[in-house]
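Worksheet: the structure to be examined is printed underneath.
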Amino acid sequence: MNQSLISNVKHKIPSLKSSYLWNSFQAQWHHYFGRTDEAIHNWLDLLNQGSPKSRLKVVRYLIEAQAFQEARDYLERQESKQNDESAEINYLLARCYIGQALIPLAKKKIEQAIQVKPQNSIYWDLLADCYLELGDWREAIIALNNSLRAAPKHAEINYRLGIIYAFHDLYQEALMCFQGCCHLQPHKTVYWEMKAEMHLRLKQLADACKSFEKALRYGGTPDLAARLAYCYIQNNQIKKGIKYYKLTLKYEPDHYDSLSNLAAVYQNLERSQDALNLLENAKNIYPNDPILLNNYAFTLVHQGCTRKATEYYREALELIPNHPLILYNLCVCLTRIGNWQEGIVLLNELIEIEPNHSAGWVLLGNIYDQINQFDTAIDCYNKALKLA
Numbered sequence: 006m007n008q009s010l011i012s013n014v015k016h017k018i019p020s021l022k023s024s025y026l027w028n029s030f031q032a033q034w035h036h037y038f039g040r041t042d043e044a045i046h047n048w049l050d051l052l053n054q055g056s057p058k059s060r061l062k063v064v065r066y067l068i069e070a071q072a073f074q075e076a077r078d079y080l081e082r083q084e085s086k087q088n089d090e091s092a093e094i095n096y097l098l099a100r101c102y103i104g105q106a107l108i109p110l111a112k113k114k115i116e117q118a119i120q121v122k123p124q125n126s127i128y129w130d131l132l133a134d135c136y137l138e139l140g141d142w143r144e145a146i147i148a149l150n151n152s153l154r155a156a157p158k159h160a161e162i163n164y165r166l167g168i169i170y171a172f173h174d175l176y177q178e179a180l181m182c183f184q185g186c187c188h189l190q191p192h193k194t195v196y197w198e199m200k201a202e203m204h205l206r207l208k209q210l211a212d213a214c215k216s217f218e219k220a221l222r223y224g225g226t227p228d229l230a231a232r233l234a235y236c237y238i239q240n241n242q243i244k245k246g247i248k249y250y251k252l253t254l255k256y257e258p259d260h261y262d263s264l265s266n267l268a269a270v271y272q273n274l275e276r277s278q279d280a281l282n283l284l285e286n287a288k289n290i291y292p293n294d295p296i297l298l299n300n301y302a303f304t305l306v307h308q309g310c311t312r313k314a315t316e317y318y319r320e321a322l323e324l325i326p327n328h329p330l331i332l333y334n335l336c337v338c339l340t341r342i343g344n345w346q347e348g349i350v351l352l353n354e355l356i357e358i359e360p361n362h363s364a365g366w367v368l369l370g371n372i373y374d375q376i377n378q379f380d381t382a383i384d385c386y387n388k389a390l391k392l393a
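For the sequence shown, position 88 (counting from the first letter as 1) is numbered 93 according to the working numbering, and the numbering increases by one without interruption.
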């Protein structure tokens with residue numbers, strides 16, 4: 006009887022373990038589990054396998070793994086060949102050079118890539134990186150504007166432009182960039198937050214409040230609630246400001262800025278005990294903050310604890326000697342408890358630091374008036390009047 010013959014074709018099939026796909030899979034597996042050295046070894050094996058096509062995808066993996074020299078060696082060999090991938094090879098070489106801090110070389114290579122493919126926004130982004138590394142932010146802006154022309158709907162390019170403008174105090178230009186980001190991706194918190202910050206720098210408080218509200222809606226954090234509260238207070242919407250400071254402290258009871266700022270709000274509303282409770286909590290977090298100590302002392306004065314306040318003003322001055330506001334506040338306390346001589350000494354120090362401190366001259370005149378040195382008091386009052 007005739008039987009079918011079974012051919013053993015195993016020897017005709019390349020071993021799976023020596024195939025491109027297997028090595029690629031192994032490399033990805035090692036990389037995923039943080040075994041970078043093993044992943045790089047596998048990727049290099051892939052590059053060393055003879056292939057008529059350049060394996061730029063593997064090179065990108067090497068660059069991401071910061072194996073810049075290995076990627077560069079392969080790319081420089083490929084660069085000598087005439088092929089249609091010259092732009093991409095130059096781009097990847099530029100990335101290698103940046104990784105090795107060879108910025109002028111990187112700039113040269115990415116410019117060559119742009120000459121071939123000027124419509125590729127990624128190339129312009131890398132050129133902007135080069136200019137920023139070289140300290141030329143204006144040229145970086147030109148490069149990013151070209152990138153934006155190539156990819157007008159890319160919100161991240163607008164964001165980078167906005168950050169550069171904001172860093173160099175060009176707040177109106179930065180605001181326009183962040184507005185573009187919000188238009189392109191209206192649900193991304195960080196875009197609304199940066200837009201709000203620019204409104205705040207430009208003293209556009211109502212717009213800042215609206216933008217912080219959007220930022221809080223799309224990604225609420227205690228910090229954002231605190232920034233919104235600050236804006237409301239600055240915009241004289243005190244109830245809303247208190248509401249959002251309380252919201253911040255509900256989720257982050259040790260939020261230092263909220264404790265300090267809400268205490269200041271309560272003090273202005275003559276709720277001294279509420280202010281003092283918050284300042285106590287803040288003082289437990291940062292006991293050596295001179296501004297906090299000043300505010301704590303100020304609140305104690307309003308509760309009639311002048312001598313105790315004097316101690317905290319002295320502590321604050323030890324941390325930042327000759328601070329005009331703290332010096333003046335201490336002198337007010339000294340005047341209230343009748344410590345005339347020390348008050349005169351400290352007020353003279355204050356006036357030496359700030360000769361035009363009119364309140365200081367008035368207070369000094371009051372002390373001389375109390376100790377019956379009327380001519381000197383009149384001289385002090387006259388100096389204060391000239392400064393008024």
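Note that CB positions come from ideal geometry on N, CA and C, so glycine has one too.
query                                                                                                                                                                                         : result
Using a Cβ-Cβ cut-off of 7 Å (strictly less than) and excluding sequence neighbours within five positions of LYS391, which residues of its own chain qualify?                                 : none
Quick check on DSSP: helix, strand or coil for GLN177?                                                                                                                                        : helix
Please go through the same chain and pick out, in chain order, the residues whose beta-carbon is closer than 7 Å to the beta-carbon of HIS173, but skip the five residues on each side of it. : TRP142
State yes or no: is the C-beta of CYS236 within less than 7 Å of the C-beta of ALA220?                                                                                                        : no
Across the segment 97 to 112 and the segment 62 to 75, are there enough close Cβ pairs to call them in contact, namely three or more that are closer than 8 Å?                                : yes
Any contact of the segment 246 to 253 with the segment 196 to 210, i.e. 3+ C-beta pairs under 8 Å?                                                                                            : no
SER263: buried (16+ other C-beta within 10 angstroms of its C-beta) or exposed?                                                                                                               : buried
Please specify which runs of the alpha helix (DSSP H), each continuous and at least 4 residues long, are wholly inside the segment 304 to 369, giving them in chain order.                    : 311 to 324, 329 to 341, 345 to 358
Using 10 angstroms around the beta-carbon of ASP89, count the other beta-carbons present and answer buried if the total reaches 16, otherwise exposed.                                        : exposed
If you follow the alpha helix (DSSP H) that HIS204 is in, where does it begin and where does it stop?                                                                                         : 194 to 206
Just the C-alpha distance for LYS255 and LEU274, rounded to the nearest angstrom, thanks.                                                                                                     : 21 Å
If you reduce the DSSP assignment to three classes, tell me which class ASN241 lands in.                                                                                                      : coil
Please name the residue, chosen from ASN282, ARG60, ASN150, ALA234, that lies closest to ASN125 on a Cα-to-Cα basis.                                                                          : ASN150
How is LEU274 classed by DSSP in three states: helix, strand or coil?                                                                                                                         : coil
Tell me which residues share the same chain as ILE342 and place their Cβ nearer than 8 Å to its Cβ, disregarding the 5 neighbours each side in the sequence.                                  : THR311, ARG312, THR315
Please go through the same chain and pick out, in chain order, the residues whose beta-carbon is closer than 8 Å to the beta-carbon of GLU354, but skip the five residues on each side of it. : ASN327, LEU332
Roughly how many angstroms separate the alpha carbons of ASP130 and VAL63, rounded to a whole number?                                                                                         : 22 Å
Identify whether ASP130 lies in helix, strand or coil by the three-state DSSP scheme.                                                                                                         : helix
Identify, in the order they occur along the chain, each residue of the same chain with its Cβ nearer than 6 Å to the Cβ of PRO295, setting aside the five sequence neighbours on each side.   : ALA321, LEU324, ILE325
Could you tell me the alpha carbon to alpha carbon distance between TRP366 and VAL337, rounded to whole angstroms?                                                                            : 12 Å
Per DSSP, what kind of secondary structure is LEU10 in: helix, strand or coil?                                                                                                                : Residue placement at LEU10 is poorly supported in this model, since its pLDDT is 48, which falls under 50; the coordinates still yield a value, given next. Note: LEU10 maps to coil in three-state DSSP.
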